[in-house]
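*Asks:*
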Amino acid sequence: MGISNTKKKPCEEKQTDQLIISNVASRCSSSVNEERRESFYLIWLDECAKNESLESLRTQALLREINHDNCLFFNQPDQFFVQIRELEERQQQLLVVISGSLAEELLPKLRSIDSIPIIIIFCANYNQYVYLLNKYPKVVRICTTYEKLQSSIRNELLSSKFNLFENQFIKYIRPLNSKNGIENHSAYYSYISFIQLLKQMPQTEQAKENYKADKAIDWYVAECFVYRLVNHAFRTEDITLWYAFRYYVVDLCQQMEKIHQEQAIRSLLTVYRGQARMPISQFEHLKCNIDCLVSTNGFFSTSTHLDIARSFVEGDTDTNNSKAVLFEITVDGFNLQNTIFVDIDRYINSSDEGEGEGEGEVLFNIGSVFCIQDVIRHSSFDVWMIKMKATDEGTDEIKKNLYEKKKEFRQENINLLFGRLLIEMNEYCKAELYFRMLLQELPRSHQDIPLAYDYIGDLNMRSSNWNEAFHNFNLGYEIKKKFFSSNHSLIAVSLNNIANYYKAIGDYSQALQYYTKALHCNNDQPTMARIQVNIAVIHANNKKYGEAIDLCIKAREILQQIYPQPYENTIYIQGILGHCHAQNKEYSIAEDYYVAAFKMSEKVLSIGHRLRVNCIKALADLYKERGMKQIAIDLCQDNLFLYKKYLPAHHISIAYLFVKLGELYEDDDIRKIASLRRALRIFERSLYIEYVPTANCLLMIAEYYGNQNGYDSASKYYNRALKIQEKIYPNNHSIILQTQSLIATGQNQT
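Numbered by the working numbering, the letters in the sequence shown go through residues 557 to 1306 in order.
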């Protein structure tokens, strides 16, 4: 098994039930192509493509999320055509997203450019440009929303014209823990939980008619397109594709489980896999974390024949960016109970009712777990040898995690729980795309429609887009009122959601009214406890700290009886209790609560989780309040080092830490503005815009320039912040008026 860049010999083939069974080398050599193929470019041509509006920044972030840095943005046609000619000389494939007005002007020229097979119009008015669909064959879509643009681009990239995954970061394995205590179990459990949920989703009759479910393995080993696309979907962690391939993935998982039981392999196996280009960061993680665990992203193909695995790394040498490696994996068939693997040769031979010498392929199921035993340089082969053993460790926790999630959201069906898991993983953009997909696919009378609006509103709240959240909450509420009594538990959800909106915009009186109404509905205990926590926050904001503490303790006791293990709500409550004691100047008690919350977050939340970052920020604020500013700075810097090491460079949590450092660098202007600028760059590149944090960062930068008498620069940032605030707050909100006042003051000083 392997991932190589060397040219492979033509594949031998076996015929099984009219499916062509390709040999191991064929299957693995396709993985080579995914590493070496030439990239394509996404190009956005729009008059506003380079301005700093939220809409432009979000479009740029959306395209980068799909195609990373192979994106180009133009606001001038002349510059666009110059770049097109250069890309044509390099034989690059291009997908162009263009504004409606420029499409009308430039399509006569674009129709003759062969390197542009696909054009998508992105505009506000569909009807105005719909005639272009018929007039110009290259125009395949007219999109008016970000969600439609994203799904349209992905759909087109799945066509034969492009390879969707050429420019996406591929994760073949996922670290689960490390020597320095960094845990990633919660993300892994959510990942595997998706597979378990997929298995419980009902199949449609159409899906059942397309192919035979008991031949899923045959399809996997027979058709290069199938295994390549399915594995890429998992290795790029594109969860929308998981859902799209759910029927096939479920059949393959279930058939593998069935065949694994039938084969009942009770022997000690040693299998191999070659990988020509393991990223250096991944290699170093494995090398430094002996005895730690990793899991596989996607189905994992290996061979009992060392020569086959070696063929994938022959001729490859180490570079500054990658290593050539051989995996040697021990599989204890005597003792493994939950690790699913299939001997493909035995399966094919039993299907053919014949015998034959195979290639020793052993296929592991999605999410198989391995323990790293050693990483050594193999002197004879001149490659790195990574020794691992298959293990059942973690499988019980997976089952428990899924059970807890289903218990927590037991009133929801599998479709909604699938989206909820995306939210739990902080995959907010994917979650919104998923719920909007449900709105399009489900009948308008379906019972999940108002709940999908609830979740979209919740996602709006998480991105602090208050106005949009209020809109979606009310859409769900109005539908529910037609079908449910005024004290129904689903009505309580809507009342609680609307109260959250009023709390967010600072209207605590209205928020308390809605929370009180929700409290009097027919709620279960967990819902009752959560509403009490929300009311406690209102009391804390109104400086009624004693009442807030009492409510929090009551709610915590209820939740701990239902969910004995610490989880998000418990951590959140600990933070509120810490805040109340801090406001009462009871700093030692506050620190105890904050530290307990932070330690819990390290144990149960993945690195970069928003609540985990909030724990760091709360502790930093407390240390600053107590005159221990350097301890606060050290805390943020230490965690920033870890976050930068284990998270993508533009992860939103890194921006939060930079902002907090900017606040702490009160007496160091250079470090202050450098931190704030780095945070702003991350906010601007985020696909799921964080409106309030972005606006606050802009305000802090504006204040910095104002203090430096740079009033023109200050005005620029104040105005950018104002545009965001006008989008998310009601008209004439006090926050909007305050920023307008700051702008007016700056204008008087210029």
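No residue lacks a Cβ here, since even glycine has one placed at the ideal position from N, Cα and C.
Bear in mind the structure is a predicted one, so any value in this text is a computation, not a measurement.
1) By a C-beta neighbour count over all protein chains shown, 10 Å radius and 16 as the cutoff for buried, is residue 670 buried or exposed?
2) Answer yes or no: do residue 920 and residue 855 have a C-beta to C-beta separation smaller than 8 Å?
3) Helix, strand or coil: which one does DSSP assign to residue 632?
4) Among the candidates 985, 887 and 846, whose CA atom is the shortest distance from the CA of residue 1242?
5) Any idea which residues DSSP pairs residue 597 with across the strands?
6) Is it right to say residue 1193 is buried, meaning 16 or more other beta carbons lie within 10 angstroms of its own, or is it exposed?
7) In its own chain, which residues sit with a C-beta less than 7 Å from the C-beta of residue 1253, not counting the 5 before and 5 after it?
8) In chain order, which continuous runs of the beta strand (DSSP E) of length 3 or greater are located wholly inside the region 876–909?
9) Count the CB pairs spanning the region 986–993 and the region 1011–1018 that are closer than 8 Å, and state whether there are at least three.
10) Quick check: residue 858 and residue 931, are their CB atoms within less than 8 Å of each other?
11) Could you pull the DSSP bridge partners for residue 849 from this structure?
12) To the nearest angstrom, how far is it from the Cα of residue 1207 to the Cα of residue 1164?
13) So within the region 660–694, which uninterrupted beta strand (DSSP E) runs reach at least 3 residues, ignoring any that extend past its ends?
14) Does residue 1249 come out as helix, strand or coil in the three-state DSSP assignment?
15) So what's residue 820 in DSSP terms, helix, strand or just coil?
16) Where does residue 563 sit, in a helix, a strand or coil, going by DSSP?
17) Over the uninterrupted alpha helix (DSSP H) stretch that includes residue 860, give me the two end residues.
18) Could you name the residues that DSSP lists as bridge partners for residue 940?
19) Starting from residue 713 and walking both ways along the alpha helix (DSSP H), at which residues does that stretch end?
20) Straight-line CA distance for residue 1264 to residue 1034?
21) I need the straight-line Cα distance from residue 596 to residue 1056, nearest angstrom please.
22) With 16 other CB atoms within 10 Å as the buried threshold, where does residue 852 fall?
23) Could you give the DSSP three-state label for residue 1244: helix, strand or coil?
24) Going straight from the alpha carbon of residue 1257 to that of residue 702, what length do you get?
25) Please identify the residue among 834, 816 and 825 whose C-alpha is closest to the C-alpha of residue 888.
26) Can you tell which of 1086, 844 and 881 has the C-alpha that lies nearest to the C-alpha of residue 868?
27) Tell me the DSSP secondary structure of residue 725 in three-state form.
28) Nearest-angstrom Cα distance between residue 1131 and residue 1177?
29) Around the Cβ of residue 933, are there at least 16 other Cβ atoms within 10 angstroms (buried) or fewer (exposed)?
30) Here's the rule: buried if 16 or more other CB atoms are within 10 angstroms of the residue's CB, otherwise exposed. What is residue 895?
31) Which partner residues of residue 828 appear in the DSSP bridge assignment?
32) DSSP three-state label for residue 911, please.
33) Here's a check: name, in chain order, each residue in its chain whose Cβ is nearer than 6 Å to the Cβ of residue 1075, leaving out the five neighbours to either side.
34) Alpha carbon to alpha carbon, how far is residue 1246 from residue 1296? Give it in angstroms, no decimals.
35) Exposed or buried, what is residue 999 when buried is set at 16 or more other beta-carbons lying within 10 Å of its beta-carbon?
36) On the CB-based measure, 16 or more other CB atoms within 10 Å of its CB, does residue 1067 come out buried or exposed?
*Replies:* Put simply:
1) Walking along the sequence shown from the start, residue 670 turns up at place 114. Residue 670 is exposed by the Cβ-count criterion.
2) For the purposes of this step, residue 920 is taken as residue 364 along the sequence shown, with counting starting at 1. For the purposes of this step, residue 855 is taken as residue 299 along the sequence shown, with counting starting at 1. Against a cut-off of 8 Å, the Cβ pair of residue 855 and residue 920 comes out as a contact.
3) For the purposes of this step, residue 632 is taken as the residue at position 76 of the sequence shown. Coil.
4) Numbered from 1 along the sequence shown, position 686 holds the residue referred to as residue 1242. Nearest of 985, 887 and 846 to residue 1242, Cα basis: 985.
5) Numbered from 1 along the sequence shown, position 41 holds the residue referred to as residue 597. DSSP, once it has assigned bridges, lists 650 as partnering residue 597.
6) Your numbering for residue 1193 matches position 637 in the sequence shown. Residue 1193 comes out exposed.
7) If you number the sequence shown from 1, residue 1253 lands on position 697. Within the same chain, residue 1253 has close Cβ partners 1215, 1232, 1235, 1236 and 1239.
8) 878–888 and 897–899
9) Touching, yes, given that three or more Cβ pairs across the two stretches are closer than 8 Å.
10) The count along the sequence shown starts at 1 and reaches residue 858 at position 302. The count along the sequence shown starts at 1 and reaches residue 931 at position 375. Taking C-beta atoms as the reference points, residue 858 and residue 931 fail to come closer than 8 Å.
11) Here residue 849 is taken as the residue at index 293 of the sequence shown, counted from 1. BP columns for residue 849 point to 927.
12) As a position in the sequence shown, residue 1207 is number 651, starting the count at 1. As a position in the sequence shown, residue 1164 is number 608, starting the count at 1. Taking the straight line joining both Cα atoms gives about 8 Å.
13) 674–678
14) Your numbering for residue 1249 matches position 693 in the sequence shown. Helix.
15) The sequence position of residue 820 within the sequence shown is 264, counting from 1. If DSSP states are grouped into helix, strand and coil, residue 820 belongs with coil.
16) Translated into positions along the sequence shown, residue 563 becomes position 7. Caution is warranted here: a pLDDT of 33 is assigned to residue 563, below 50, making its placement in the model unreliable, and the coordinate value is therefore given only provisionally. Reduced to three states, the DSSP call for residue 563 is coil.
17) Within the sequence shown, numbered from 1, the residue matching residue 860 stands at position 304. Unbroken run through residue 860: none, as it is neither H nor E.
18) Taking the first residue of the sequence shown as 1, we reach residue 940 at position 384. Answer by DSSP bridge pairing, in chain order: 881 and 933.
19) Against the sequence shown, residue 713 aligns to sequence position 157. Taken as a continuous stretch (DSSP letters only), the alpha helix (DSSP H) holding residue 713 covers 702–713.
20) What you label residue 1264 is simply residue 708 of the sequence shown in a count that begins at 1. What you label residue 1034 is simply residue 478 of the sequence shown in a count that begins at 1. Straight-line Cα distance between these residues: approximately 51 Å.
21) Along the sequence shown, one-based indexing puts residue 596 at 40. Along the sequence shown, one-based indexing puts residue 1056 at 500. Between residue 596 and residue 1056, the C-alpha separation is close to 44 Å.
22) Residue 852 sits at position 296 when you count from the first residue of the sequence shown. Answer is buried; the Cβ neighbour count reaches 16.
23) Numbered from 1 along the sequence shown, position 688 holds the residue referred to as residue 1244. Three-state result, residue 1244: coil.
24) Here residue 1257 is taken as the residue at index 701 of the sequence shown, counted from 1. Here residue 702 is taken as the residue at index 146 of the sequence shown, counted from 1. One C-alpha to the other measures close to 29 Å.
25) Here the question's residue 888 lines up with position 332 in the sequence shown. Measuring from the Cα of residue 888, the nearest candidate turns out to be 825.
26) Numbered from 1 along the sequence shown, position 312 holds the residue referred to as residue 868. When only C-alpha atoms are compared, the closest one is 881.
27) If you number the sequence shown from 1, residue 725 lands on position 169. Confidence at residue 725 is low in this model, with a pLDDT of 40, below 50, so the placement of that residue should be treated as unreliable; the coordinate-derived value is given next. Coil.
28) Your numbering for residue 1131 matches position 575 in the sequence shown. Your numbering for residue 1177 matches position 621 in the sequence shown. One C-alpha to the other measures close to 12 Å.
29) Your numbering for residue 933 matches position 377 in the sequence shown. Residue 933 comes out exposed.
30) The count along the sequence shown starts at 1 and reaches residue 895 at position 339. Counting Cβ neighbours within 10 Å, residue 895 comes out buried, since at least 16 surround it.
31) Taking the first residue of the sequence shown as 1, we reach residue 828 at position 272. Answer by DSSP bridge pairing, in chain order: 859 and 884.
32) Against the sequence shown, residue 911 aligns to sequence position 355. Because residue 911 carries a pLDDT of 47, less than 50, the predicted location of this residue cannot be relied on, and the following value inherits that uncertainty. DSSP places residue 911 in coil when its eight states are reduced to three.
33) Translated into the one-based positions of the sequence shown, residue 1075 becomes position 519. Correct list, in chain order: 1087.
34) Numbered from its first residue, the sequence shown carries residue 1296 at position 740. Numbered from its first residue, the sequence shown carries residue 1246 at position 690. If I take the Cα positions, the gap works out to 21 Å.
35) Sequence index remark: in the sequence shown, residue 999 carries index 443 (1-based). Label assigned to residue 999: exposed.
36) Taking the first residue of the sequence shown as position 1, residue 1067 is located at position 511. Under this definition residue 1067 is a buried residue.
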